[in-house]
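Trainee: Below is a structure I'd like to ask you about.
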Amino acid sequence: MYEAMTRSAQGLIDLRSDTVTRPTAGMREAMASAQVGDDVYGDDPTVRALEERVADLLGKEDAVFVASGTQSNLTALLSHCGRGDEYIGGVGYHIPTYEAAGAAVLGGISPRHLKPDESGALDPDDIAATVAPDDPHFAITKLLCLENTFNGKVVPQAKLEAAAQVARANGLSVHVDGARLMNAVIASNAKADAMVAFADSVSLCLSKGLGAPVGSVLSGSRDFIRRAYRSRKLLGGGMRQAGVLAACGLYALDHHVDRLAEDHIKARTLAQRLAAIDGIEIDESAVQTNMIWLTVSSPRRMGLADHLRKDGIVAPSPDPRTGQMRMVVHLDISREDIDIVVQSFSNWLDS
Ligand SMILES: Cc1ncc(COP(=O)(O)O)c(C=O)c1O
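Under our numbering, residues 871 to 1221 are what the sequence shown spells out, in order.
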């Protein structure tokens, strides 16, 4: 069982991201009793247990524990590609958009951006057409990066597999940014290993919906993970008695995976109830996991975030041009919180 912290422990209903969750009492106990060692020497049994657990969960040979999703993706890119290589990613995917161009800055690896379709998938023909010919004018295309979930949507498995197949036929490796892969697993009632069987490497975040304070795990073949240990070290990511953090990850995998279904129900409920308010538009079919994208068409939208804040709700301001805003449901959001949020929106937009 998981124990959600009550709203009063924090005093705020924070809908900015699922990264804002705080470790539960049970998770803190797991930290306190974790066996630890120096992980750079390979001596931390709890880190090793987490790495083996995730490798097994995702059907890969091995895994490495890293500090963040960004470090996990960058470690993967540095391990798949060298200087002068390029990778293909999607416009709006996290790696090419929100990771400070780390692959280019630190790895000399350049990005190619393809526009994903509505579901978040890349077109196999676009991928094939983007792979550079073997010609010294061009970078060497080495890697395809996919993302699941994308903007809270579960990318259709057949489309992921079709993209991976074309990549492989063109000699590319395939990496999946599965920061919220377990949300996709729970939403589609699938097995995690089957969902990423086509991938050479997978990054899984523990500090998003799973509720750990820190950490991601990068998995792949034994040989790939051996290279990834080196890349992680190069990035300054070798951690010492990291078992206290890995214990949170193990705790999250034991206690916080099945409960993601509750977040998905709460997100759908919130979306349905907000959609009934005049001045809010929501594509409810896009609310497949824990994220809600809404458009606030009301002219009152510019004061909305301040108004919500007065009611103890933290949410981003709607985009001034489009009115779009994102809200994310997680384990620190209760059903009662959903009522408060709906009431607060309604008070502002209906007044
Ligand atoms: C899809 C995706 N990948 C990677 C990351 C990076 O994770 P971190 O914030 O732990 O670096 C995020 C962060 O929100 C994300 O949404």
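Each residue gets a CB set at the ideal place from its N, CA and C atoms; glycine is no exception.
With a Cβ-Cβ cutoff of 8 Å, do G1079 and N1053 count as a contact?
Mentor: It is a contact, given that the beta carbons lie within the stated cut-off.
Trainee: With 16 as the cutoff for other CB atoms within 10 Å, does M1172 come out buried or exposed?
Mentor: Answer is exposed; the Cβ neighbour count stays below 16.
Trainee: What would DSSP say about G1149, mapped onto helix, strand or coil?
Mentor: Coil, per DSSP.
Trainee: Please determine if the stretch 1088–1095 and the stretch 920–930 are in contact, where contact requires at least 3 C-beta pairs separated by less than 8 Å.
Mentor: Yes, they touch.
Trainee: Alpha carbon to alpha carbon, how far is C1118 from D993?
Mentor: If I take the Cα positions, the gap works out to 37 Å.
Trainee: Run through the DSSP bridge pairs and tell me what A967 is partnered with.
Mentor: The residue you asked about is not Ala; residue 967 is Thr in the sequence shown. Note: T967 sits in no beta bridge, so no partner.
Trainee: What residue range is occupied by the uninterrupted alpha helix (DSSP H) comprising F935?
Mentor: Run containing F935: none in the alpha helix (DSSP H); it sits in the beta strand (DSSP E), 932–936.
Trainee: Starting from the Cα of G1106, find the closest Cα among M1197, V1025, D995, V910 and give me that residue.
Mentor: Ranking M1197, V1025, D995, V910 by Cα distance to G1106 puts V910 first.
Trainee: Going along the chain, which residues put their C-beta within less than 5 Å of some heavy atom in ligand 3?
Mentor: Ligands in the displayed structure: ligand 1; ligand 3 is not one of them.
Trainee: When you compare only the Cα positions, how much space is there between L1030 and C1015?
Mentor: Near 10 Å, if we compare the C-alpha coordinates of C1015 and L1030.
Trainee: Who are the near neighbours of F1068 in its chain, counting only those whose CB is closer than 7 Å to its CB and skipping five residues on each side?
Mentor: L1030, E1031, A1034, V1044.
Trainee: In the DSSP assignment, what residue or residues form a beta bridge with K1023?
Mentor: F1020.
Trainee: Alpha helix (DSSP H) containing R1100: first to last residue?
Mentor: That run of the alpha helix (DSSP H) goes 1092–1104.
Trainee: Starting from Y957 and walking both ways along the beta strand (DSSP E), at which residues does that stretch end?
Mentor: Y957 -> beta strand (DSSP E) spans 955–960.
Trainee: What residue from R1205, H1125, S1168 has the CA that sits closest to R1138's CA?
Mentor: With distances taken between Cα atoms, R1138 lies closest to R1205.
Trainee: Given E1132, which residues of its chain have a CB within under 7 Å of its CB, disregarding the five upstream and five downstream residues?
Mentor: There are no such residues.
Trainee: If you count every other CB in all the chains shown that lies within 10 Å of the CB of T916, and 16 or more means buried, which is it?
Mentor: T916 comes out buried.
Trainee: Can you look up L976 in the DSSP assignment and give me helix, strand or coil?
Mentor: The answer is helix: DSSP assigns L976 an H, G or I state.
Trainee: Between which two residues does the alpha helix (DSSP H) holding D1209 run?
Mentor: Looking at the DSSP string, the run of the alpha helix (DSSP H) that includes D1209 is 1205–1220.
Trainee: Mapping the DSSP letters down to three states, classify M1172 as helix, strand or coil.
Mentor: Residue state, collapsed to three classes: helix.
Trainee: Looking at C-alpha atoms only, which residue of S989, T940, L1201, Q1213 is the closest neighbour of A1028?
Mentor: It is S989.
Trainee: Can you tell me whether H1126 is helix, strand or coil according to DSSP?
Mentor: Correct three-state label for H1126: coil.
Trainee: Tell me whether the beta-carbon of D1181 lies closer than 8 Å to the beta-carbon of I1210.
Mentor: Yes, the Cβ-Cβ distance between D1181 and I1210 is below 8 Å.
Trainee: Return the first residue and the last residue of the beta strand (DSSP E) that D1047 is part of.
Mentor: Its beta strand (DSSP E) spans residues 1043–1048.
Trainee: Excluding the five sequence neighbours on either side, which residues of its own chain have a C-beta within less than 8 Å of the C-beta of S1214, listed in chain order?
Mentor: These residues qualify, in order along the chain: H1177, L1178, D1181, I1183.
Trainee: Could you tell me which whole alpha helix (DSSP H) segments of length 4 or greater appear in the stretch 894–954?
Mentor: Counting whole runs of 4 or more residues, the stretch 894–954 contains the alpha helix (DSSP H) stretches 895–902, 915–927, 939–950.
Trainee: Which partner residues of R1056 appear in the DSSP bridge assignment?
Mentor: This sequence places Ile at residue 1056; Arg is not what is there. I1056 is not bridged to any residue.
Trainee: Is the Cβ of R1196 closer than 8 Å to any Cβ of chain B?
Mentor: The chain inventory of the structure shown lacks chain B, comprising one protein chain alone.
Trainee: With H, G and I counted as helix, E and B as strand and the rest as coil, what does DSSP make of V1036?
Mentor: V1036 falls in the helix class under three-state DSSP.
Trainee: Per DSSP, M1195 is paired with what?
Mentor: Its beta-bridge partners are L1164.
Trainee: Use the C-beta contact count for S903: other C-beta atoms within 10 angstroms, 16 or more gives buried, fewer gives exposed.
Mentor: Exposed, because fewer than 16 other Cβ atoms sit within 10 Å of the Cβ of S903.
Trainee: Return the Cβ separation of E921 and V1084 in integer angstroms, given the expectation that the two are a contact with Cβ distance under 8 Å.
Mentor: At roughly 15 Å, the Cβ-Cβ gap does not stay under 8 Å, so E921 and V1084 are not in contact.
Trainee: Do three or more CB pairs link the stretch 949–958 to the stretch 1008–1022 at distances below 8 Å?
Mentor: Because the criterion of three Cβ pairs below 8 Å is met, the stretch 949–958 and the stretch 1008–1022 touch.
Trainee: Is it the case that the Cβ atoms of I958 and T1000 are separated by a distance below 8 Å?
Mentor: Yes. Within cutoff.
Trainee: I'd like the list of long-range same chain contacts for A937, defined as Cβ closer than 6 Å, with 5 residues on each side in sequence excluded.
Mentor: Around A937: G1107.
Trainee: Is it true that the CB of M1195 sits closer than 8 Å to the CB of N1021?
Mentor: In this structure, M1195 does not lie closer than 8 Å to N1021 by Cβ.
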